[in-house]
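Colleague: Structure in structure tokens, see below.
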Amino acid sequence: KSTGGMARTKQTARKAVSKSAPATGGVKKPHRYRPGTVALREIRRYQKSTDLLIRKLPFQRLVREIAQDSRPNIRFQRST
Numbered sequence: 001k002s003t004g005g006m007a008r009t010k011q012t013a014r015k016a017v018s019k020s021a022p023a024t025g026g027v028k029k030p031h032r033y034r035p036g037t038v039a040l041r042e043i044r045r046y047q048k049s050t051d052l053l054i055r056k057l058p059f060q061r062l063v064r065e066i067a068q069d070s071r072p073n074i075r076f077q078r079s080t
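Shown next, in the form of structure tokens:
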């Protein structure tokens with residue numbers, strides 16, 4: 001079934017008019033990635049790496065604080 005030649009030319013004429021007129025007055029918008037693209041890139045980057053994402057001493061303090069809440073006077077053995 002054919003839609004006819006006239007409808008197609010009207011559609012392309014409408015597209016040309018909308019594309020030629022700048023919507024923001026000629027100011028180019030900064031490039032933005034689609035939602036989730038940067039997150040996926042960060043996930044891949046951190047899964048490849050083996051370095052620590054949290055520094056040792058702040059993490060150690062956090063573990064000690066949580067351990068004190070569950071069991072007071074708990075002591076940790078230093079490993080070499």
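Per UniProt numbering, residue 1 is the first one in the sequence shown, and the count goes up by one each step. Backbone N, C-alpha and C define an ideal beta-carbon position, used for all residues, glycine too. Computed from a predicted model, the values in this text were never measured in an experiment.
1) Closest to arginine 78 by CA distance: which of Gln60, Arg71, Glu65 is it?
2) Would you tell me roughly how many angstroms separate the C-alpha atoms of arginine 32 and leucine 62, rounded to the nearest one?
3) Excluding the 5 residues flanking proline 72 on each side, which residues of the same chain have their C-beta closer than 6 Å to its C-beta?
Modeller: For this structure:
1) Gln60
2) 36 Å
3) none
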